[in-house]
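Contents: one structure, followed by commentary.
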Amino acid sequence: YSLSGLLHLKWTILVYDNADHTDDDADSLEVSADTAHGHHVSHRMPHVEMVPPAVSEEEKKEEEKQKVRELSEEEKKQIMMSEDYQLSIGRAARVIQRMLAMNDSGLTIDYSGTDSEGKEDETLAGERLKLQQDFFDERWSKRRTITSMDWSPTYPELLLASYNANEDAPNDPDGVALIWNLKFKNMAPEYVFHCQSAVMSTCFAQFHPNLIIGGTYSGRIVLWDNRVNKRTPVQRTPLSATSHTHPVYCVNVVGTQNAHNLISVSTDGKMCSWSLDMLSQPQDSMELQSKQNKPVAATCFSFLSGDANNFIVGSEECTVYSACRHGSKAGINDMFEGHQGPITGVDTHRVPGQMDFSPYFLTSSFDWTIKLWSMKQPYYIHSFEDNNDYVYDARWSPIHPALFASVDGEGRLDLWNLNSDTEVPTASVTIDGRQALNQCRWHQTGHHISVGDNAGRIHVYEVGE
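Take 1 as the starting number for the sequence shown in the UniProt record's numbering and just add one per residue.
Pasting the structure below:
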């Protein structure tokens with residue numbers, strides 16, 4: 001283009017003010033756009049105006065379509081009742097509760113996902129037993145006996161507890177399982193699950209962090225999934241002769257990541273092996289019979305450390321048995337007699353050390369005693385007789401080879417250190433109200449222990465060095 005041609009171009013976005021400018025504009029940009037017909041060059045400041053682009057009719061119609069339509073009341077209700085909405089609101093509410101409870105970097109951990117940043121609490125040195133917190137919910141745990149507990153192997157702060165029926169609330173579900181969070185005090189349960197039969201035993205599914213297993217009074221095994229926005233089981237075993245027909249007091253997942261099974265035993269004298277992918281029928285079942293060919297009414301069992309085949313089982317007949325699942329000696333092998341009442345708990349030794357402690361196991365009983373046994377001899381090694389009521393449970397410490405805990409009907413939690421004394425406990429504490437304590441479970445770190453009473457309350461104690 002020639003210079004004269006450029007001078008005839010008009011910059012339509014610049015508009016000039018014809019009013020005389022003051023000296024304040026002296027340092028402003030001087031622009032002239034139209035010098036045709038000999039007009040002199042202007043030294044006034046241009047004003048820039050925003051010129052909207054031309055909008056076609058089609059674009060106007062498209063914009064109208066994109067405008068958000070206000071939902072009707074019926075549509076709002078449908079969204080609020082949808083499964084996705086309820087799940088999202090539930091997760092958001094738990095995050096808010098955590099924020100209100102404490103200031104922590106792990107507030108947004110999603111326990112139903114793959115986030116594995118759950119961290120253990122700091123341990124307390126000093127006192128041997130110090131109450132850290134109680135877990136209780138007026139709606140779901142009031143007047144319900146705690147029947148079993150289990151700490152999560154994936155998220156160390158989560159504690160699972162099962163409850164039987166509340167006779168004062170006949171319209172509520174008979175069975176309840178609650179997941180509590182050790183990090184946050186005075187909060188509602190992290191998850192609430194229930195079913196139509198009292199839950200007698202429960203555990204987290206090893207290798208499946210989202211699944212919770214329950215054994216019921218009716219003989220059914222139920223499976224809950226915390227990824228699903230429902231409190232009722234996603235799977236359950238049938239009521240048939242191939243599975244259990246009596247209360248299931250023991251459930252446990254044994255094996256490895258690539259080869260594991262759910263094992264259940266019942267007072268009907270049957271042990272069943274299940275695949276968590278299919279609970280319609282057991283993969284394998286075995287009749288537990290004594291040498292007199294009588295069914296063993298199993299009340300508790302414990303597998304040997306690192307062993308998915310050999311286990312110890314306690315019975316209503318005051319007798320303890322060793323048994324195995326496979327091989328030429330499958331079934332009941334040896335019998336251990338010494339208790340004068342039904343067996344309430346059994347626990348095998350799992351702490352590694354310079355010596356092999358795996359043959360040793362503990363039993364508790366209605367006869368007010370705890371007994372220490374070895375699988376290598378038929379008679380107990382020692383009887384602990386400091387209690388004045390039913391002893392409901394006894395558990396080895398997961399970190400100290402000579403330490404175990406026990407609970408009884410007087411509401412007493414005892415710690416026994418075999419290196420110090422075998423006649424009286426090393427430390428004892430009695431809960432307020434002296435409610436009977438039915439269960440005790442060590443945290444995997446060995447620095448916390450949870451005990452559950454017959455009024456639906458869980459007490460978590462810190463165990464000092």
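C-beta: ideal position from N, C-alpha, C; glycine also.
Who are the Cβ neighbours of residue i in its own chain at under 6 Å, not counting the five residues just before and after it?
| i | result |
| --- | --- |
| V265 | C250, M271, A298 and F301 |
| T154 | P209 |
| E385 | T369 |
| residue 487 | Not covered by the structure: residue 487. The range shown for the chain is 1 to 465. |
| F193 | A177, W224 and R231 |
Which word fits residue i, buried or exposed, when buried means at least 16 other C-beta atoms lie within 10 angstroms of its C-beta?
| i | result |
| --- | --- |
| S82 | exposed |
| E190 | buried |
| N333 | exposed |
| W185 | Looking at the sequence shown, residue 185 is not Trp but Lys. Exposed: under 16 other Cβ atoms inside 10 Å. |
| A92 | exposed |
| F60 | First, the amino acid is wrong: residue 60 is Lys here, not Phe. Looking at its Cβ environment, which holds fewer than 16 other Cβ atoms inside 10 Å, K60 is exposed. |
| D432 | exposed |
| D268 | buried |
Helix, strand or coil: which one does DSSP assign to residue i?
| i | result |
| --- | --- |
| M200 | strand |
| Y85 | helix |
| Q78 | helix |
| K270 | strand |
| N454 | coil |
| K294 | coil |
| K371 | strand |
| K185 | coil |
| D137 | coil |
| A259 | coil |
| A93 | helix |
| D414 | strand |
| D432 | helix |
| K130 | strand |
| Y57 | According to the sequence displayed, residue 57 carries Glu and not Tyr. Correct three-state label for E57: helix. |
| E62 | helix |
| E316 | coil |
| E73 | helix |
Roughly how many whole angstroms lie between the Cα atoms of residue i and residue j?
| i | j | result |
| --- | --- | --- |
| C318 | V460 | 30 Å |
| L223 | G215 | 9 Å |
| D225 | L304 | 28 Å |
| G331 | L288 | 6 Å |
| H246 | P173 | 19 Å |
| S56 | E74 | 36 Å |
| T147 | S72 | 48 Å |
| R220 | S240 | 9 Å |
| S358 | K371 | 16 Å |
| W180 | A188 | 8 Å |
| R457 | F135 | 6 Å |
| A205 | M278 | 14 Å |
Using a Cβ-Cβ cut-off of 7 Å (strictly less than) and excluding sequence neighbours within five positions of residue i, which residues of its own chain qualify?
| i | result |
| --- | --- |
| V418 | Val is not the amino acid found at residue 418; the sequence shown has Leu there. The residues are A402. |
| D86 | For the sequence presented, residue 86 should be read as Gln rather than Asp. Within the same chain, Q86 has close Cβ partners N229. |
| H39 | For H39, the pLDDT reaches just 48, beneath the cut-off of 50, and the residue's location in the model is therefore unreliable, although a value from the coordinates is still provided. There are no such residues. |
Within a Cβ cutoff of 8 Å, which residues of the same chain sit near residue i, ignoring the five residues on either side of it in sequence?
| i | result |
| --- | --- |
| A436 | D389, Y390, Y392, D408, G409, E410, G411, D453 and N454 |
| I79 | L71 and Y85 |
For residue i, write down the residues that DSSP places opposite it in a beta bridge.
| i | result |
| --- | --- |
| Y191 | I179 |
| N252 | I263 |
| E337 | T319 |
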